[in-house]
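Here the structure comes first, spelled out in structure tokens, and everything after it is commentary.
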Amino acid sequence: MEHENNIQQAEEVLIRLLARREHSARELHQKLKQRGFDHSTIDLVLKKAQEHGWQSDERFAHVWVRTCIARGDGLRKISAQAPQKGIPADLIELVLKHEQPDWNEACYQRLIRKFGEMPAVDKKQRDKIMRHLLQRGFSFEVINHALERQAKAFAD
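Structure, rendered in structure tokens:
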């Protein structure tokens with residue numbers, strides 16, 4: 011009886027968490043564990059959630075990747091953070107292939123949003139911009155393309 015009650019409580023917590031936003035199975039497992047549920051109970055309610063379509067790592071990955079791109083994160087940052095979210099590399103690759111983000115455009119938009127339309131006036135400022143965009147996960151090639159586009163747009 012107590013075990014059934016424990017399962018019901020875990021399920022209620024899981025549903026409340028999923029009502030707020032999508033979660034990966036790993037995130038849900040961690041959150042249920044933090045709330046004191048045992049592994050067998052967690053596995054049971056996670057399996058039920060997946061069978062009923064309440065939880066899907068693939069759906070979570072799509073939502074998470076779109077959010078990262080909208081926030082201005084690049085490929086490298088997304089790929090590095092995916093395992094921490096419980097998203098395997100092959101799933102991230104599949105999602106990115108499906109989403110087909112334009113990294114050049116994403117980097118340019120991040121550049122304009124953060125630093126404005128006026129290009130860097132000296133090497134120190136350009137280095138600061140490059141560091142920022144590198145930390146956001148963009149490659150040198152993409153960053154240079156964005157900087158050239160910014161300079162060209164300003165000159166026109």
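Under this note's numbering, the residue at position 80 of the sequence shown is numbered 90, and the numbers go up by one with no gaps. Quick reminder that beta carbons are idealized off the backbone N, C-alpha and C, glycines included.
ask   = Do residue 38 and residue 56 have their C-beta atoms closer together than 8 Å?
value = The criterion of a C-beta distance shorter than 8 Å is satisfied by residue 38 and residue 56.
Please report how far the alpha carbon of residue 157 lies from the alpha carbon of residue 108, in whole angstroms.
-> Cα to Cα, residue 157 sits roughly 27 Å from residue 108.
Report task. Helix, strand or coil for residue 130, going by three-state DSSP, please let me know. Result -> When secondary structure is reduced to three states using DSSP, residue 130 falls in the coil class, being assigned neither helix nor strand.
With a threshold of 7 Å on Cβ separation, who are the neighbours of residue 150 within its own chain once the five nearest residues in sequence on each side are excluded?
If you ignore the 5 residues before and after residue 150, its C-beta comes within less than 7 Å of no other C-beta in its own chain.
**Request:** Could you check if residue 33 is buried or exposed, using at least 16 other CB atoms within 10 Å of its CB as the buried criterion?
**Result:** Residue 33 is buried by the Cβ-count criterion.
Notebook entry, point to check: Roughly how many whole angstroms lie between the Cα atoms of residue 113 and residue 143?
Noted result: Distance between residue 113 and residue 143, taken at the CA atoms: about 12 Å.
Starting from the C-beta of residue 130, find all residues in its chain whose C-beta is less than 7 Å away, skip the five residues before and the five after it, and write them out in chain order.
-> Non-local C-beta neighbours of residue 130 in its own chain, meaning closer than 7 Å and more than five positions away in sequence, comprise 136 and 139, ordered along the chain.
**Request:** Might you give, ordered along the chain, the residues of its own chain that have their beta carbon closer than 7 Å to the beta carbon of residue 146, omitting 5 neighbours on each side?
**Result:** Its chain contains 82, 83, 84, 87 and 120 as the residues whose beta carbon lies nearer than 7 Å to that of residue 146, once the 5 sequence neighbours on both sides are disregarded; these appear in chain order.
### Message
I need the straight-line Cα distance from residue 31 to residue 25, nearest angstrom please.
### Response
About 10 Å.
Worksheet entry | Where residue 64 sits in the DSSP three-state scheme | In the three-state reduction of the DSSP assignment, residue 64 falls in the coil class, being assigned neither a helical nor a strand state.
Inset, instruction - Just confirm the distance between the C-beta atoms of residue 54 and residue 79, as a whole number of angstroms; I'd bet it's less than 8 Å. - result: Residue 54 to residue 79, Cβ: 35 Å. No contact.
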